[in-house]
Structures are given as structure tokens and as C-alpha cells.
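Going by my numbering, the residue at position 14 of the sequence shown is 47; the numbering climbs one at a time, nothing skipped. In this text, a Cβ means the ideal position worked out from N, Cα and C, and glycines have one as well. Being a predicted model, the structure only gives us computed values, none of them experimental.
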Amino acid sequence: MRIESARRVRGRLELPGDKSISHRGAIIAALARGRSTLLNYSTGEDCRRTLEALISLGVPVERDGSRVCVTGRGPEGFRAPDAWIDCGNSGSTMRMLAGVLAGQAFASTLSGDDSLRSRPMRRVIEPLELMGARISADDGRAPLHIRGRRPLMPVAYTMPVLSAQVKACVLLAGLSARGRTEVVEHGGRTRDHTERMLRWFGVPVETTRRGGDGDKETPDDEDETLDDHEETLSEALAVEGPASFEARDLSIPGDISSAVFFIAAAALLPGSELEIADVGLNPTRCQILRTLRELGAAIEIEEAREECNEPLGTVRVKGMAGLGATAATASAAAARSNLILRGSLIAQLIDELPLLAVVGTQVEGGLTIRDAAELRVKESDRIAAVVWNLRAMGAQVSEHEDGLTVNGPCRLRGAKLSAFGDHRIAMAFSIAALLAQGETVIEGGASSVGVSFPEFYSKLESVVER
Ligand code: S3P
Numbered sequence: 034m035r036i037e038s039a040r041r042v043r044g045r046l047e048l049p050g051d052k053s054i055s056h057r058g059a060i061i062a063a064l065a066r067g068r069s070t071l072l073n074y075s076t077g078e079d080c081r082r083t084l085e086a087l088i089s090l091g092v093p094v095e096r097d098g099s100r101v102c103v104t105g106r107g108p109e110g111f112r113a114p115d116a117w118i119d120c121g122n123s124g125s126t127m128r129m130l131a132g133v134l135a136g137q138a139f140a141s142t143l144s145g146d147d148s149l150r151s152r153p154m155r156r157v158i159e160p161l162e163l164m165g166a167r168i169s170a171d172d173g174r175a176p177l178h179i180r181g182r183r184p185l186m187p188v189a190y191t192m193p194v195l196s197a198q199v200k201a202c203v204l205l206a207g208l209s210a211r212g213r214t215e216v217v218e219h220g221g222r223t224r225d226h227t228e229r230m231l232r233w234f235g236v237p238v239e240t241t242r243r244g245g246d247g248d249k250e251t252p253d254d255e256d257e258t259l260d261d262h263e264e265t266l267s268e269a270l271a272v273e274g275p276a277s278f279e280a281r282d283l284s285i286p287g288d289i290s291s292a293v294f295f296i297a298a299a300a301l302l303p304g305s306e307l308e309i310a311d312v313g314l315n316p317t318r319c320q321i322l323r324t325l326r327e328l329g330a331a332i333e334i335e336e337a338r339e340e341c342n343e344p345l346g347t348v349r350v351k352g353m354a355g356l357g358a359t360a361a362t363a364s365a366a367a368a369r370s371n372l373i374l375r376g377s378l379i380a381q382l383i384d385e386l387p388l389l390a391v392v393g394t395q396v397e398g399g400l401t402i403r404d405a406a407e408l409r410v411k412e413s414d415r416i417a418a419v420v421w422n423l424r425a426m427g428a429q430v431s432e433h434e435d436g437l438t439v440n441g442p443c444r445l446r447g448a449k450l451s452a453f454g455d456h457r458i459a460m461a462f463s464i465a466a467l468l469a470q471g472e473t474v475i476e477g478g479a480s481s482v483g484v485s486f487p488e489f490y491s492k493l494e495s496v497v498e499r
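See the structure below:
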């Protein structure tokens, strides 16, 4: 993919449905009884893998573009697949389906591409084995050979790594257990789409939070906005199994993790004006907007509302001198010290960290990311990939085991980069390319973005002005 620098971005966009919500919608609809219609289903390859996996398990799925109908017959409606299930590049497909398959009376195998077969799966094997499933896997990596058990035994499980995929896996398995299954996350809060989706389908999920004010039961209606975000030390989620529930239609908001590439480009290129309609604004996903605002970005939310238990709205961004490249000449008043992202913030920014590293090269004082060793086991080693590409563009970067430090501001120069087969690396460095002097070539860029956002480059071209 060849990308020239840009003057600014302008226009209005609508984006495909959120990847995390799409996976959960399809899987939970398959566990329900009846026909659910899912609107604005993600167009990415990863979410297609989830649908194909469900089809191979005997679940009727019809698809017409972004409209998907799933006919569930409850957990007993699944049948043994004829072959290994290929999850492609999708960690979410593998980890969430493992939770469903653990509660089936048949054996099945989940596999995937080279990247997925190198990623850690002990984090789901351990709780599922505690619940009575048997899973064999070489060195804790896929292929996962799952021998399910029905019913599963309930567990109270504290996750050793903060992961929304693991939380989803255990809660989905809990639906097939006899009794109360609880999963606890400590030291930060991961995205809460599973809890919200289960409640949308009428399945009670009990939430107990321990924050600064001690234990607190939280009802379904959360009261958090972009400006008022509650700090939570730990959260326990519980479901009661076996659960039986009815189909429900679902409308999926635009993917904020796709929107942020455009938002960052608009914020960094002075003169930009961009509006993105119907973006998911779940508080556990919006930390990126808070962080960009903290760095001086002019981001406004309009038409904030809730649909199908998920908040969404229109995001408006204006490009400001002082945050972006012109910060090099900004007055002393704009000078900032190095912004440090660490601790509980990391789980909330996990998919946006490569982009934030790029943003960090453009802001006064630069930026440091720590406590983010998880980045090394994503679709690529995202710390190494970011460091490699940023250095090729002339940025000053130090690599840490659990993160990186970038100096800023700096004028990036066009270079030959690699996507490292990773969609978010391709997209983050496409934004870097817009800011750079001269042309950038991203090897594997075009083929990588498809797993979450096949329309990325056409949407980008539609708003870029040169
Ligand atoms: C996801 C959770 C995150 C994220 C991934 C999607 C999800 O992974 O990186 O893109 O939908 O639950 P982890 O759970 O491994 O942190």
C-alpha cells in the first residue's frame, strides 16, 4: 500500500459494525431460541470466521451484506463439526467459541492461521478445565482439541491476565454450567460487551464492583460519560446456568476501534473537520477519546443515545495546530511533559496503543506506554512492530519489555514499512504516513486491514485532502 502525505481530512463517515459486539451478537444469538436479526454486522474477516464456525456447528445463518440472521435452538442445537474449525486470524472467535464448545457433549477442534496458532490459549484452557472440559493443546497453543462436558461445573475464577475474551469465554461456558459461575477481573476493567449483550437477551448478569468506595452492586443502567469515568479496582461478574433465553434483534454500532484512526488523523492535521455517525461509545472503549482530548484534541460527541444496551453517538473532530506536527513551533504554554499510559488504563486502550504511539511522535513531550506486555501476543508483537516502523520513519523510540517511549514532536519521513500481517499496525501506520514527508509504502497493508475493516483504505481516500 502506497500512501502520500495529506493536508487535512474532511467529511462525514459511517463505519461498519463493531467487531467485538458482532462476535458476541452472533454467538449469543446462536445460543438463544429463535431467529435473531443482527444489523450492521462487522464486514471484517474475523467476524465472518465466527459465522462460518457457527454454520459448521449446525446453526442456521443467513447473510446479506451487513444484515445477518442467526437461528438458535439453544445450546442443545449445536452438532459436532465435520472438520476442524478454522478461526483464521481471530483470537476472539477462538477464545469465545472455546467457552461454548466446552459445554457441548461432543469433541471439536479449533485452529487458525500461523499468527493465531502462536498466541497464548492457556488463559482459556485453565478455567474451562476447572469447569470440567478436557482440552489438549501443544504448549498452550492452538489447535485446541476440546472434549466438552454437559453440564459444566460452575467456577469462581479470577483472571490472571486482564482479558475481555477470557471473561467472555468463562461467562459463555457458565451458561452451560449447573449453578453460579463467577469471573473476577482485577487491576482494571476490560470491555463489557458480553455482559451488556447477555442482558439484552434477557440473561441476568450480576456485577459486583470494588472501587475506591468499597463493594457496590451495579444495576444494568450505568451512569458513566466520557468526562466522568469511574475508577474500578476489581469487578466480579456472575451468571446462573443452565440459561435458556429467547432470540432478540440487534443493531450494532460503528466500531470505535476503527473510527479512532480517522479521529487521530483529523485531530493531527490542522484544518480538518470530520464527523463520524453512529459510533459505539461504550465507556470501556472510550478511553482513547479521553486520552486524545487530554493531549489537546478537539473532540465533541453529539446525539449520544443507547441502542440495544450499547451507547453510541456522533463524533466530531477538528484538527488543531498545537497537538499535531506544528507543536514543534508551539509556544511554551503548549509544552507538555511526557504522557505516561500505564496500569488500569492499558486494558481500556489495548487496541489503540499502536495508534497512540504514532500520535505520541506528534505531541509535545512525547508519550510512554508501560504495563502493556500483552501487546507482544496480539496478532503480531505490536511493541516490536511499532518500534521498527517508527524508527524507519525517523522517530526516536525506546523499546521496553512492556511498552515503549516515543519522543515528540518529530517530523516523520515517508519510509518502507511492514504491516507485520497485523490490521492495526497497517492502519496505525497509514495514519503516520499521512503525517510524513514523502511517500510511505506499507508492505502487506492492503491485505492486513481486511480482518477488521476491509473498507479502511477506500474510506480514508474519501476524506483525505492533499
Ligand atoms: C477483544 C478483547 C481484546 C482486544 C480484541 C477484542 C474482545 O483482547 O484486543 O481485539 O472482543 O473481547 P483481549 O481480551 O485479549 O485483551
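According to DSSP, residues forming a beta bridge with residue i
| i | result |
| --- | --- |
| C102 | T70 and E95 |
| P344 | E339 |
| H433 | G436 |
| I36 | T473 |
| E508 | In the structure as shown, the chain starts at 34 and stops at 499, and residue 508 therefore has no counterpart that could be examined. |
| A310 | E47 |
| E412 | Bridge partners of E412: none, in fact. |
| D374 | The amino acid at residue 374 is misidentified as Asp; the sequence shows Leu. Per DSSP, I402. |
| R349 | E308 and E333 |
| V272 | T214 |
| E279 | R66 |
For residue i, the three-state DSSP class (helix, strand or coil)
| i | result |
| --- | --- |
| G181 | coil |
| V496 | helix |
| I60 | helix |
| D147 | helix |
| A405 | coil |
| L328 | coil |
| A452 | coil |
| F486 | coil |
| G399 | coil |
| I285 | coil |
| S141 | strand |
| R128 | helix |
| R232 | helix |
| D51 | coil |
| S480 | helix |
| D119 | strand |
| G136 | coil |
| V419 | helix |
| R446 | strand |
| V42 | strand |
Own chain, CB closer than 8 Å to residue i, minus 5 neighbours either side, in chain order
| i | result |
| --- | --- |
| L163 | M186, V188 and Y190 |
| Q470 | S38, R444, L445, R446 and G447 |
| G287 | E47, L48, P49, G50, D51, N73, I309, A310, D311, V312, G313 and L345 |
| S305 | R41, V42, R43, A298, A299, V350, K351 and G352 |
| R112 | L90, G91 and F139 |
Identity of the residue in the options nearest residue i by Cα
| i | options | result |
| --- | --- | --- |
| V238 | G221, G212 and V101 | G212 |
| G181 | E109, L388, P344 and A452 | E109 |
| G355 | I373, P303, I332 and L386 | P303 |
| T126 | L450, V236 and A201 | A201 |
| R281 | R323, R40 and C341 | C341 |
| H456 | P442, E472 and F489 | F489 |
| W117 | S89, V103, R128 and D97 | S89 |
| T317 | E407, G483 and I383 | I383 |
| E336 | I179, E268, T347 and G235 | T347 |
| L204 | L64, I475 and P487 | L64 |
| D115 | E85, V236 and V133 | E85 |
| E273 | L378, Q381 and P184 | P184 |
| S69 | M34, M230, V420 and S144 | M230 |
| E279 | I464, A175 and W233 | W233 |
Beta-carbon contacts of residue i that lie in its chain and below 6 Å, excluding the five residues immediately before and after
| i | result |
| --- | --- |
| A271 | R213, E215 and E239 |
| S75 | P49, G50, K52 and S55 |
| I289 | V312, G313 and R318 |
| L400 | L372, G393 and V439 |
Residues near residue i in its chain [Cβ-Cβ closer than 7 Å; skip 5 each side]
| i | result |
| --- | --- |
| G124 | L149, R152 and Q198 |
| R106 | R66 |
CB contact below 8 Å: residue i versus chain D
| i | result |
| --- | --- |
| S209 | Judged by its chain identifiers, the structure shown contains no chain D, having just a single protein chain. |
Original post:
Which runs of the beta strand (DSSP E) spanning at least 3 residues fall entirely within the stretch 153-224, listed in chain order?
Top reply: 167-171, 174-180, 189-191 and 212-219
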